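Written out below as structure tokens is the structure these notes cover.
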């Protein structure tokens with residue numbers, strides 16, 4: 002009986018030490034997204050004027066200017082995973098159906114450049130206009 006009482010006293014005495022030593026949860030931050038876009042952002046392309054990115058879950062291509070303005074450049078894609086600027090167009094890599102689509106931003110037309118890829122995940126740029 003005296004051991005139980007002693008244990009209880011020790012636990013009650015040391016409990017505040019354990020609570021103080023425990024790691025604290027961070028305060029003052031938010032898990033809210035910084036931009037009003039979907040949760041799954043993937044491929045990103047940038048230059049000195051803008052950032053262009055894929056919004057995988059919503060199937061859109063977005064442009065974010067230096068001032069923070071967001072513009073939808075294209076939408077209706079099933080699974081865009083990467084994007085690159087090539088000359089005067091954007092090339093979008095689609096995981097399903099395994100295609101590379103070229104978008105002429107002035108005309109708004111889309112052309113399939115490559116078809117038949119098996120679940121591609123990213124572009125790799127080499128020099129100015131070479132994508133792999």
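Numbering (our numbering), first residue to last: 2 to 133.
Beta carbons are placed, not taken as given, at the ideal position from N, Cα and C, and that holds for glycine.
This structure is a prediction, so every number in the text was calculated from the model and none was measured.
Review point. Whose CA, out of 89, 94, 88, lies closest to the CA of residue 54?
Key: Within the chain shown, residue 54 is the residue found at index 53, counting from 1. It is 94 whose Cα lies nearest to the Cα of residue 54.
Exercise for review: Would you check if the distance between the CB atom of residue 80 and the CB atom of residue 100 is smaller than 8 Å?
Suggested key: On the chain shown, residue 80 is found 79 positions in, with the first residue counted as 1. On the chain shown, residue 100 is found 99 positions in, with the first residue counted as 1. No, the Cβ-Cβ distance between residue 80 and residue 100 is not below 8 Å.
Practice item. Could you check if residue 123 is buried or exposed, using at least 16 other CB atoms within 10 Å of its CB as the buried criterion? Key: For this step, residue 123 is matched to residue 122 along the chain shown. Result: exposed.
Practice item. Check whether the Cβ atoms of residue 43 and residue 82 lie closer than 8 Å to each other. Key: What you label residue 43 is simply residue 42 of the chain shown in a count that begins at 1. What you label residue 82 is simply residue 81 of the chain shown in a count that begins at 1. Going by C-beta atoms, residue 43 is nearer than 8 Å to residue 82.
Review point. Can you tell me where the beta strand (DSSP E) with residue 61 in it begins and where it stops?
Key: For the purposes of this step, residue 61 is taken as residue 60 along the chain shown, with counting starting at 1. Per DSSP, residue 61 belongs to the beta strand (DSSP E) from 61-66.
Check your understanding: Is DSSP giving residue 125 helix, strand or coil here?
Key -> Taking the chain shown and counting its residues from 1, one reaches residue 125 at position 124. Residue state, collapsed to three classes: coil.
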